[in-house]
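Here the working numbering is used: position 285 in the sequence shown is 405, and no number is missing along the way. Even glycine gets a Cβ: it sits at the ideal position worked out from N, Cα and C.
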Amino acid sequence: YRRTNSPEQLAIADGVAQKFFGAANYAALTTPQKAQIGAAKAVRAAAIGALSNPVTSNYKDTLLTTQFTPSYKITDNLTAYTSYQHGEKSGSALNVNFVNSNVKPERTDAYELGLKSLLWNGKLNVNADVFYMNIKDYQSAVRVVDIFTTQTNLANNQANPVAYVTAQGNVKRVAGKGFELDTFLSAIPNTTIRLSGAYTDIRYKDFKNAAFPEELAYLSTPAAPFTDQSGRTLPGISKWNFNVGAEYRRPLFTDWLGHASFNTSYNSKFNNTDLLSSFGVVGGYSRTDAAIGVTTTNGFDVSLVGRNVFDDRAHEQGFAQFSPYPYPRWFGVTVSGKL
């Protein structure tokens with residue numbers, strides 16, 4: 121099969137050769153000159169993307185914050201309190217594919233009930249509380265109609281013209297509850313111990329227009345473009361968090377003080393992806409920091425410090441890729457003082 125050009129195409133080629141290279145016709149061009157014309161044609165034939173008139177997005181609002189925290193002293197060493205707080209996170213002005221689409225402000229109402237106690241002649245502090253929060257118009261990535269692309273599809277008479285895009289928007293409602301405990305013990309000579317923990321359960325209550333995670337994207341159809349994430353835990357939230365730390369300080373010489381400390385934190389598993397992909401789960405993990413050193417009465421200190429000493433690098437499994445924990449085990453020496 122031999123491809124031939126029409127007389128019109130040959131005339132255009134000859135005209136280009138005469139205009140840009142001063143040749144009698146296209147056949148008179150050198151091989152590099154023909155290659156240059158071919159490259160220029162390819163550039164002009166390539167898509168340059170969507171064009172649109174300028175889009176202006178504006179956002180203006182008045183945000184309200186309130187706080188009410190009454191307390192009652194039951195005894196000299198025991199105080200009960202309750203708290204109500206209302207806060208609002210600013211919305212934003214943006215456009216989605218050349219269409220104005222502002223994000224509404226996020227509004228939170230939080231309630232707390234707790235106790236603060238001082239026991240064992242002031243050597244043990246125990247603080248505990250329970251809390252509940254209700255969030256309206258929670259700001260997150262949501263699945264919305266791509267108006268610009270939809271209008272383009274309609275103009276081109278495409279089947280199933282409605283297009284969707286993931287953009288910043290608002291989830292109707294999120295709610296959370298939990299409890300917190302914080303203790304501090306100084307009953308052991310030269311030693312202080314701190315133990316804290318929390319249980320947090322924060323879930324989408326009304327999120328019917330979520331995007332499908334990557335591994336389930338094939339389920340998205342024009343008739344069912346969304347997935348319902350209502351009832352699922354928000355990304356990045358561990359249900360259980362614990363922290364334990366201790367420090368030992370002891371005089372060594374007249375002006376020197378030795379010290380050693382450690383701190384271990386534990387987080388239960390959580391999902392690290394906005395779309396709650398099954399490949400985004402990070403398993404429960406713990407990380408420990410430690411230090412040992414000496415300090416003087418005038419504030420000079422030298423310490424050997426270790427971070428993540430057991431080198432825990434827990435990360436999500438990853439669908440196509442993952443982000444490793446960026447802080448592996450390391451040791452160093454710190455020197456500090458006052459002038």
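For residue i, name the three-state secondary structure that DSSP assigns.
i      : result
Tyr338 : helix
Lys389 : coil
Val136 : helix
Phe327 : coil
Ala147 : helix
Ser443 : coil
Pro371 : strand
Ile157 : helix
Gly382 : Looking at the sequence itself, residue 382 is Phe, so the reference to Gly does not match. Phe382: strand per DSSP, three-state reduction.
Ala344 : coil
Phe332 : coil
Leu396 : coil
Leu424 : strand
Ala434 : coil
Leu130 : helix
Leu459 : coil
My guess is that residue i and residue j are in contact by the Cβ rule of under 8 Å, so how many angstroms apart are they, rounded?
i      : j      : result
Pro225 : Asp257 : 7 Å
Asp321 : Lys359 : 6 Å
Arg63  : Ala330 : Only positions 121 to 459 of the chain appear in the structure, and residue 63 is not among them; the question remains open.
Leu239 : Asn197 : 7 Å
His206 : Thr186 : 5 Å
Ser350 : Lys328 : 6 Å
Asn361 : Asn383 : Not a contact, Cβ separation roughly 13 Å.
Val402 : Glu367 : At roughly 29 Å, the Cβ-Cβ gap does not stay under 8 Å, so Val402 and Glu367 are not in contact.
Tyr447 : Arg427 : 7 Å
Val422 : Val455 : 5 Å
Answer with buried or exposed for residue i, where buried requires no fewer than 16 other C-beta atoms within 10 angstroms of its C-beta.
i      : result
Thr417 : exposed
Tyr192 : exposed
Asn387 : buried
Ile255 : buried
Asp266 : buried
Tyr252 : exposed
Ser260 : buried
Tyr324 : buried
Gly457 : exposed
Contact the segment 233 to 246 vs the segment 271 to 282: 3+ CB pairs below 8 Å
The segment 233 to 246, when compared against the segment 271 to 282, does not touch it at the 8 Å Cβ threshold.
Inspect the CB distances between the segment 341 to 355 and the segment 371 to 380 and report whether three or more fall short of 8 Å.
no
Threshold first: 4 residues or longer. Then list the alpha helix (DSSP H) segments lying entirely within the segment 257 to 325, N to C.
267 to 275
Hey, is the segment 178 to 194 in contact with the segment 206 to 220, meaning 3+ C-beta pairs nearer than 8 Å?
yes
Would you call the segment 375 to 387 and the segment 400 to 417 touching, i.e. three or more CB-CB distances under 8 Å?
yes
Please give me, in chain order, every unbroken run of the beta strand (DSSP E) with length at least 3 that falls completely inside the segment 165 to 251.
186 to 188, 191 to 195, 198 to 209, 226 to 239
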